[in-house]
Amino acid sequence: MIPDERQAALERHGLRETPDGYELLLRGFQRASERALALRAQGDREAAWALALGPSDERRWEFCRCVALDALSREG
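Numbering (my numbering), first residue to last: 12 to 87.
Listed below in structure tokens is the structure:
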């Protein structure tokens with residue numbers, strides 16, 4: 012993936028690259044939460060667990076970051 016495509020993909024998934032890895036932005040949290048709802052509907056127990064947590068819970072944010080990273084990796 013060329014740098015411009017990579018940047019566009021990061022923005023699409025609501026991620027920002029930092030020196031420590033990837034940071035999930037609010038837009039990414041919202042998109043990943045929607046994906047987690049779809050996963051829960053398919054019977055994914057981990058998604059159900061994450062969605063049962065409050066929206067400010069760091070574990071839910073980390074789960075959503077992983078969902079966003081998974082979606083990003085499927086593009087590349």
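Note that beta-carbon positions come from the ideal geometry of N, C-alpha and C, so glycine has one too.
Computed from a predicted model, the values in this text were never measured in an experiment.
(request) Pick helix, strand or coil for glycine 65, following the three-state DSSP scheme. (result) The sequence position of residue 65 within the sequence shown is 54, counting from 1. In the structure shown, glycine 65 falls within a coil segment according to DSSP collapsed to helix, strand and coil.
(request) Quickly, what does DSSP pair glycine 32 with across the bridge? List them, please. (result) On the sequence shown, position 21 is the one that residue 32 refers to. Looking at the DSSP assignment, glycine 32 forms a beta bridge with Thr29.
(request) Note the first and the last residue of the continuous alpha helix (DSSP H) segment covering aspartate 15. (result) Position 4 of the sequence shown, counted from the start, is the residue given in the question as residue 15. First-last of the alpha helix (DSSP H) with aspartate 15: 14-23.
(message) Suppose the cutoff is 7 Å on Cβ atoms and the five residues either side in sequence are ignored; what does the same chain contact list for valine 78 look like?
(response) Start at 1 with the first residue of the sequence shown, and residue 78 comes out as number 67. Within its own chain, the residues whose Cβ lies closer than 7 Å to the Cβ of valine 78, once the five positions on either side in sequence are excluded, are Ala43, Arg46, Ala47, listed in chain order.
(request) Output yes or no for whether 7 Å exceeds the beta carbon distance between arginine 70 and leucine 64. (result) Counting from one through the sequence shown, the residue named residue 70 turns up at place 59. Counting from one through the sequence shown, the residue named residue 64 turns up at place 53. Less than 7 Å separates the beta-carbon of arginine 70 from that of leucine 64.
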